[in-house]
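In case it helps, mature numbering (1 follows the signal peptide of the UniProt record, and there is no 0) puts the sequence shown at residues -20 to -1, 1 to 309.
Taking it in order: structure first as structure tokens, then the write-up.
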Amino acid sequence: MKIHKFVFGVLFTISLIALTACSSSPTPELPTKTIAPAAAETPEPEKKVVVGFTLQNLNNPFFVALSKGATAGAILHNADVITVNADGDLAKQTEQIKEFIKKKVSVILVNAVDSEGIAGAVSEARAAGIPVIAVDVEAQGGVNTVVTSDNYLAGKLAGEYVAKRLQGKGNVVVIDGPPVSAVTERITGFKDAIHSTPGIKIVANKNGYGSREETIKVMELLLRDKGIGAIDAVFATNDPSGVGANIAVEQAGRDKHVFIVGVDGAPDAVKALMEKKSFAATSAQYPFEMIKLAMDEGFKVLKGDKIEPLIKIPVDLITQDNVETYKGW
């Protein structure tokens, strides 16, 4: 019995020693988990700027020049441009602007078919946060700016030329055009220039719709109704109309009695001036400078820069006498 107690005591003592040894030994270090740093996020590529440009039509060389200039301007700004032709149709141009809005273009350039009629579409674009730049003619509805020729001056220069050449007395036909600000301002400038010369009278004001073919028809009727001496000069609000009037006058054999003044400085007008016949002068615009400025203004708006509400580009009167020095488009 004493032996069993002794053995039990020895075992109990050994157990206490072992337990004490375990509790006094240092706690082993747990393995550390290494967390790799998050990879840097790749920045999204910058969205390319897209410019939507809707033109009145592409039958007029001036608008063709604007279209080409828009392509060149977009390249300079590293942007894309979508150019569409409204074919002189306000409803079509309205839908074109709405399509630009759906495509979320960055800027819209509009060469309005109807300065007032396009207001609704322009307002929609602005409500969508898209800057709108009016080119060549004004556009209602809240455009950011209008970039245009000095159309009043174009008409005034033409009127002064007519008054001087007629020596203060004669009968004039005015060939009107589409319902846009440029046409209205040209006619106002022309009338103001001849207003101080009571001997000059406007005997007819007809709409040639900015078209050579339509103006030929209009002039043929006028020349048929009015004999020699009843018409001395024609003021056409653009060069296609001026060239059309010139064709009608020459076909009627009246080129010795009637002279024509236009507006644009278009290639066909330059050719007619060099012939030194009935086409006498044109107030020249600069379409490439105009569209470049319009594009520049659009990009300024995108950057948050302030811009002027109206930018006018000077015009020059080109006649048979100085046409040789005119660089043209």
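Each residue gets a CB set at the ideal place from its N, CA and C atoms; glycine is no exception.
- Under the criterion of beta carbons closer than 8 Å, G135 and G169 qualify as touching, at roughly 3 Å.
- Per the C-alpha coordinates, the member of Q73, E96, N39 positioned closest to L89 is Q73.
- Assigned with DSSP and collapsed to three states, I55 falls in helix.
- T195 has no beta-bridge partner at all, per DSSP.
- By the Cβ-count criterion, T305 is exposed, with fewer than 16 other Cβ atoms from all chains shown falling within 10 Å of its own Cβ.
- Judged by DSSP in its simplified three-state form, G242 adopts strand.
- Contact annotation: V127 and A119 have beta-carbon atoms that are not nearer than 9 Å.
- The alpha-carbon of E104 is positioned some 8 Å away from that of K78.
- Cβ neighbours of D212 within its own chain (closer than 8 Å, five residues either side excluded): L146, G150, N151, V152, H237, V238, F239.
- The beta carbons of G68 and V61 sit no closer together than 9 Å.
- A66: not part of any beta strand (DSSP E); DSSP gives it neither H nor E.
- Assigned with DSSP and collapsed to three states, I167 falls in helix.
- Within the segment 240 to 309, the runs of beta strand (DSSP E) at least 3 residues long that lie entirely inside it are, in chain order, 259 to 264, 290 to 293, 296 to 299.
- Shown here, N218 sits in coil according to DSSP, grouped into three states, outside any helix or strand.
- Under the three-state reduction of DSSP output, N187 falls in the strand class.
- With the rule of 3 Cβ pairs closer than 8 Å, the segment 247 to 255 does not count as touching the segment 265 to 274.
- The alpha-carbon separation between L137 and K82 amounts to approximately 43 Å.
- Listed in chain order, the non-local C-beta contacts of G121 below 6 Å within the same chain comprise A99, V102, S103, local neighbours out to five positions each way being set aside.
- Contact between D94 and M270 is ruled out by a C-beta separation of about 20 Å, above the 8 Å threshold.
- One Cα belongs to V295, the other to V87, and the distance between them is close to 27 Å.
- By alpha-carbon distance to A232, the top candidate from P159, V112, L201, T164 is L201.
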